[in-house]
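Encoded as structure tokens, the structure appears first; notes follow it.
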Amino acid sequence: MPTRRRRAALALLIPLALLAPACGDDSGSDEAGGGDPDASGESIVVYSGRDLELVEPLFEDFTEASGIEIEVRDGDSAELAAQLLEEGDGTEADVFFSQEVGAIGALSKAGLMGSLPDEVVQRVDERFQPKESTDWVGITGRSRVIVMNPDLVDEAPTSVLDLTDEQYRGQVAWVPGNASFQAFITAFRVSVGEEEAAQWLEDMKANDAQIYEGNTEVLEAVNNGDIGLGLINHYYWARTLPEVGGPEEIGSDLIFPEGDDPGALVNATAAGVLAGAEDDPAALEFIEYLLSEEGQTYFATETYEYPLIEGVDDPADIPALEELEGPDLDLTDLDSLEETQALLTEAGLLS
Amino acid sequence: MAATLVLLPLTHLVLRATEGGWDAVEVTLWRPRTLDLVGRTIGLALVVTVACLVIGVTAAWLVVRTDLPGRRLWQVVLGLPLAVPSYVAAFAWLGWRPELAGRTGATVVLVSISYPYVYLPVLAALRRADPTVEEVARSLGRGPVAVFLTVTLRQVRVAAAGGSLLVGLYVLSDFGAVSIMRYEVLTTVIYRSYRASFDRTPAAVLGCVLVVITLLVVGAESRVRRGERQDRVGGGAERPAAPVRLGRWTAPALAGLVAVIAAALGVPAQRIVYWVQRGTSQSDHADVWDAAGSSLTAASVGALATVLVALPVGILSARYAGRLSRGVTAAAYAGHSLPGIVVALSMVFFGIRVLPSLYQRLPVLILAYVVLFLSLAIGAVHASIAQVPPALDDVARTLGRTQLQAWREITLRLATPGIGAGAALVFLVVMKELPATLLLRPTGMETLAVGMWRQTSSAQYAAAAPYAAAIVVLSSIPTAILTLPGRRR
Amino acid sequence: MTEVAVHDLTRTYPGRPPVPALRGVDLELPSGSLTAVLGPSGCGKTTLLRILAGFDRPDGGTVAFDGDEVSSQTRALPPERRRVGIVPQEGALFPHLDVGANVAFGLPRRERGRGRRTGRVAEVLELVGLSGFERRRAHELSGGQQQRVALARALAPHPALVLLDEPFTALDAGLRGTLRADVSATLAAAGATALLVTHDQAEALSMADHLAVMRAGRIVQSGPPADVYHRPADVQVATFLGEAVLIPGRAGAAGVTCALGVVAVADDSPGPASGDVTVCLRPEQVVRADDARVKATVVHTSYHGHDALLELDVAGQAVAARWASTTLPHPGEEVGVTVTGTAVTFAP
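Line by line, the protein sequences give chains U, L and A.
Going by my numbering, the first sequence opens with residue 2, and the numbers climb by one from there.
Going by my numbering, the second sequence opens with residue 15, and the numbers climb by one from there.
Going by my numbering, the third sequence opens with residue 147, and the numbers climb by one from there.
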């Protein structure tokens, strides 16, 4: 029967037919790999832990302004850090732009980051500089917040310490696997104390805090009324406003804890050059562009993050960066991530 | 070569697990939490596998052996849920029924998208099986249900066992459904460990635990398979079975199938439409088209390469079962059960050291797909080659063909539809693959899965919807091919 | 036409313990003859066939086609260069090809094209009685037709030797009978040297010009079928080839004295010339003679249509007899019996 044969042919043909463009692609990338892009100084490879959709226009502006092409690989910051750790010295990356200080700090510890000029690092507020090296520099600020659905919560908490209260039983969503959350716990340990942090975690667990996979899911659950409270970063809320049609529609409010509450931590996104690109002027030029007025303004208006240099306005609808106090600590103290991991593991929140 | 490839992730895993010293391994291993996780993981895999077995076998029987209305259409439709990525299904279910989060939700999602792994091979086996045996059983006074339970089930045992193995391994390796449904199992913890800590020992140790579980599962399945060869006896002409009359059971049977399809296809479809309507974020159509092109490229080349590597292994294991082919097959299954990120990181490690010029180019990404999905292709090659009687080769040789010519003209020719089905299956899973693609794709290449990940990770659900829809639609084509009747023996 | 000589062939399969399949097999296949190798399953006959076809290699001994050595421990001509045709169990037709393409498969490439292959293909299909079946598919044929096609396929390239591997076992009894006759006629018409491997003694006896009985890796007896049937080399061969009467007797110069009287002994009988022996007769040699001195009591009759097998009691000895079914005695009846032809004797 001919139909039978045709069917068999079809099953093989589809992949075959598509092989042709594949081969084309392949040879194309080989070509690209043939020349060393660094040598000409006209192209850099950026490993970006930032949401590409949000930073791509900025990268394009940079290319237009400087003539330097950017090859971006995007991914989760920690996954990219894991990838960079596996790649070691062989990496093609020139710049790592991380979502949080922890990931870049780990690479700095492993000796994979190159130094930045002091002058560049000092452009930002002291809070957002590394303490003992110049391996990275803070680019934007992101505040921890409590997101609340007013329909489900009678009395708004003012501190993360309130969340262990009986009235919030089963009403708090958190993301123990999330890097920002872990930075917050690290801040808790460093600023309040190891035992207090451990106790708080135990109490939260006892109060039936709900584990979520990501901040986006937490925010959505709070907005939908699935849960009353969540621990997230401020910009998740701010950038969802246009998605849902404004602050009236989102169904939740933000609480910025006051004083030295560890829940008021302001963390930073950070960037640095890889050891192999330490002397590459193009890589440095890119970092400087991120810290320029155009770059900082872009973050404030497009990603709703806090700019870190003087003279650029903070994002609308949220308190100014100066008003945020946060725990008394140095961001470099947040690289004691392993101890936090151990603590979370002991509490049964991580393996 | 196949052996070297599949051993890469395992080698890397052991390397990473032991780099912190044996003490660190023991700390992770003897933690009460580890035992708890192993229990949850095995429990979930068991429940999902059993549910998939029941749904898959029943559905296949209904559409092949009964007078169910519209059974031709059902045959194809019931395979389609395989095209739905677990993360899409999980997102959709969670959006629709948030209270299902946890074990129930993870189970529902995993069953709804992975029962076709059982349904498809059983469908093929039923089409092949000799209906005479069932008729004899009927004539001996057994009712249709009793015949189904005693005779029919025996005939599809091997196919069902093979399918269950795939389901089990899929559940072990799945990250999307369990993470979105917030049910902690080994994979979620491995991912989190890699993401949140830069100490890779615990993740690697748990990865090893996962490998051990896999090898046990594979061993159990091969026990079921052993000594089982179902040949139609006698040389008489084959004829189709007279369909079982469902009578008053028609409505419940239809309702059951509708429920399965509603759960597996309806919920994701409804959610995709909902996202599009609700959100204001938009994706660029050109981007989606580009991503679809990249996905098709990656999936086709991946499928082709995987099948090519699987050919010698499948041939060896089908014809000259030996230690080497058994070892490679077991290692390939282990690769399949490992979370994508584990395999991806091992390919990063070896790729940049061994093939630096190809690293983050298509070839290394394709190699990662081969490692991840080789077991699917080996299974298909093995099954389709084992069905060709070796006597055909012998005859061809006496008629003047060399061994190679005989292979080409007879065995491979006859096994082609089955091997093609294997390629279609690999195509499908590559289409949905995310973690390895994310790490290893050529810089600038964006597949549908990557596009969807990017949009959802920044909560742009409306923009993610076209990517999700494109994945499902494009994956439906190979899935439909998988449900078409193959060669009649 | 080719003469095949098998000399002292041995083959042992590795394992723990090693499995000896052939322990020194000698066999001559005269040119143009049909030789049957008969033996129970596991006797080594399939191994012999596979070595002849070139699929397996002997540990010792040789196989020669017309004096040219094709198999030995050191050398094995590959199957595709031996010009051996094979008819496997259940035919093994190529399911993706139609009958014509199956038959043409072994023809030289230039004769294989659809238009040109008609000559030889039609010729052999006619030989097996399937003219006009070229466009049919394997699954559209009955079991018997599939076997005929398999035979036609094997014969098409004018093979030096045709190997038939239990080709009729999967068929029903009625079909088997006619097919056997047709196949031996076809092989004779084609003038092919052929080897039939079977465990069915009726098949071997009815088809072969030459019969070799195989047991535990050795040929225990060979010769024309009638000779082997009537003068078996030992008790096992006797019973394997069909019903046998085995009773004690005493050999002497005049013949052997037993319950059935004094019976003449075949010239080359393996038993001793005098003293106690086991007497071996075929049931059809025990005939009814109402006036005979030897009396037998009928214990049981089993009716076979054309004849019947009777179980007789002769002076306390159980004796089987095959008589025409026209006038059969009833159980319990006493009849006179006598023996025609000669008996074979074995050492007791």
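Glycine included, C-beta positions come from ideal geometry on N, C-alpha and C.
- Between residue 133 of chain L and residue 84 of chain L, the C-beta gap is not smaller than 8 Å, which leaves the two residues out of contact.
- Within the segment 180-200 of chain A, 199 place their CB atoms closer than 7 Å to a CB of chain L, listed in sequence order.
- Contact between the segment 172-179 of chain A and the segment 347-358 of chain A is present, with at least three C-beta pairs closer than 8 Å.
- Out of A:319, A:194, A:291, A:410, the CA that lies nearest to the CA of residue 485 of chain A is found in A:410.
- DSSP, read as helix, strand or coil, puts residue 304 of chain A in coil.
- Looking at the DSSP output, residue 324 of chain A shares a beta bridge with no other residue.
- Of the candidates L:354, L:353, L:380, L:351, the residue whose Cα lies closest to the Cα of residue 365 of chain L is L:380.
- Among the bridge pairs identified by DSSP, residue 44 of chain U is matched with U:70.
- Interface criterion not met: the Cβ of residue 337 of chain L is under 8 Å from no Cβ in chain A.
- Judged by their CB atoms, residue 392 of chain L and residue 327 of chain L are nearer to each other than the 8 Å cut-off.
- In summary, residue 132 of chain U is exposed, with fewer than 16 beta-carbon neighbours lying within 10 Å of its beta-carbon over all protein chains present.
- From the beta-carbon of residue 226 of chain A, the residues of chain L found nearer than 9 Å are 410, 411, 412, 413, 414, 415, 416, 417, 419, 420.
- Residues of chain L with a Cβ closer than 8 Å to the Cβ of residue 213 of chain U are, in chain order, 196.
- Residue 207 of chain A has its alpha-carbon roughly 38 Å from the corresponding atom of residue 256 of chain A.
- Where residue 422 of chain A is concerned, the enclosing beta strand (DSSP E) starts and stops at 421-427.
- Under a criterion of Cβ atoms nearer than 7 Å, the residues of chain L adjacent to residue 88 of chain U are, in order, 362, 366.
- By the Cβ neighbour-count rule, residue 367 of chain L is exposed, with fewer than 16 other Cβ atoms within 10 Å of its own.
- 53, 54, 55, 72, 73, 74, 75, 76, 77, 78, 79, 80, 81, 82, 83, 84: these are the residues of the segment 53-84 of chain U whose beta carbon lies less than 9 Å from some beta carbon of chain L, given in chain order.
- For residue 427 of chain L, the C-beta contacts it makes with chain A under 8 Å involve 242, in order along the chain.
- Listed along chain U, no residue sits closer than 8 Å to residue 57 of chain L by beta-carbon distance, the nearest being about 17 Å off.
- In this model, residue 230 of chain A and residue 309 of chain A are separated by some 7 Å (Cα to Cα).
- By alpha-carbon distance to residue 171 of chain U, the top candidate from U:307, U:159, U:204 is U:204.
- DSSP places residue 224 of chain U outside any beta strand (DSSP E); the residue lies instead in the alpha helix (DSSP H), whose first and last residues are 216-225.
- Closest option to residue 230 of chain U, judged by alpha-carbon separation, among U:241, U:343, U:216, U:239: U:216.
- Using a Cβ-Cβ cut-off of 7 Å, residue 405 of chain L is close to 234, 238 of chain A, given in chain order.
- A distance below 6 Å between beta-carbons, with the five flanking residues on each side excluded, links residue 449 of chain L to the following residues of its chain, in chain order: 354, 355, 358.
- Cβ atoms of residue 104 of chain U and residue 86 of chain U stay farther apart than 8 Å, at about 10 Å.
- Under the DSSP assignment, residue 66 of chain L falls in the alpha helix (DSSP H) whose first and last residues are 46-79.
- For residue 97 of chain U, the secondary structure class from DSSP, reduced to helix, strand or coil, is strand.
- DSSP places residue 441 of chain A in the strand class (E or B) of the three-state scheme.
- A Cβ-Cβ separation of about 23 Å leaves residue 140 of chain U out of contact with residue 242 of chain U under the 8 Å criterion.
- Every alpha helix (DSSP H) stretch that sits fully inside the segment 440-470 of chain L and reaches 4 residues is listed by chain position as 449-454.
- Around the Cβ of residue 469 of chain A, a 10 Å sphere holds 16 or more other Cβ atoms; the residue is buried.
- Contact check between the segment 423-430 of chain L and the segment 342-349 of chain L: fewer than three CB pairs, one atom from each, fall below 8 Å, which does not count as touching.
- Of the candidates A:241, A:219, A:203, the residue whose Cα lies closest to the Cα of residue 410 of chain L is A:241.
- Interface criterion met: the Cβ of residue 424 of chain L is under 8 Å from a Cβ in chain A.
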